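Numbering (the UniProt record's numbering), first residue to last: 382 to 563. Here's the structure, in structure tokens; my notes come after.
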Ligand code: RP5
């Protein structure tokens, strides 16, 4: 069938009834030093009006806290986890292992030494059976949008906000094209 003929589900259930403040996305990082990069992730989630929580659960420095956070997230209502880490970036993989069911978006952070390829590959090269859905190095915007798209499958109002978000990007791109030609 042609794209225009594809019917959307008539009524998506509302995962986030309006006014709810219960977090449905959990953002966890390996260190306080990751917070600068994560700010744009927080900004996008806030702009889309998705309730989220921020945590620092290091795979190396606070491994038991990391394990309990990942194990308990689903029961607390978290639907998607974003896990950011740099260098020896074990956090997203361990969070995916402990959370078992929740999709984990891995955000590789550029470490002080190197360009972040090590962080990136440690997430994309997860052993078979424990996926980490990885975005580009320091691409905190895409981490937020990837998580939002998953959640939007169960929230018609968020779906509309995501469509508006991509519409703004389209308008900006078209405007840049117009200016360049002027
Ligand atoms: C990782 O090590 C963190 O995610 C961070 O990106 C990196 C460096 O951490 P700090 O030494 O700056 O705390 O665990």
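All C-beta atoms in this analysis are idealised placements derived from N, C-alpha and C, irrespective of residue type, glycine included. Just so you know, these numbers come straight off a predicted model, no measurement behind them.
| Item | Value |
| --- | --- |
| Element boundaries [alpha helix (DSSP H), containing residue 555] | 537–562 |
| Cβ-heavy atom distance, residue 468 to ligand 1, below 7 Å | yes |
| Span of the alpha helix (DSSP H) around residue 531 | 521–533 |
| Buried versus exposed call for residue 506 [16 or more other C-beta atoms within 10 Å across all chains shown] | exposed |
| Which residues DSSP lists as bridging residue 461, in chain order | 406 |
| Residue closest to residue 538, alpha-carbon to alpha-carbon, out of 498, 430 and 407 | 430 |
| Simplified DSSP assignment, three categories, for residue 488 | strand |
| DSSP-derived helix/strand/coil call for residue 448 | helix |
| Beta-carbon proximity of residue 516 to residue 405, cut-off 8 Å | no |
| Residue 515, DSSP secondary structure in three states | strand |
| CB of residue 454 within 8 Å of CB of residue 510, strictly | no |
| Exposed unless 16 or more other CB atoms sit within 10 angstroms - verdict on residue 451 | buried |
| Nearest residue (CA-CA) to residue 438, options 412, 420, 527 and 499 | 412 |
| At least 3 beta-carbon pairs within less than 8 Å: the stretch 458–476 vs the stretch 495–506 | yes |
| Contact test: residue 495 Cβ vs ligand 1 heavy atom, cutoff 7 Å | no |
| Classification of residue 428 by the beta-carbon crowding that lies within 10 angstroms, buried from 16 upward | exposed |
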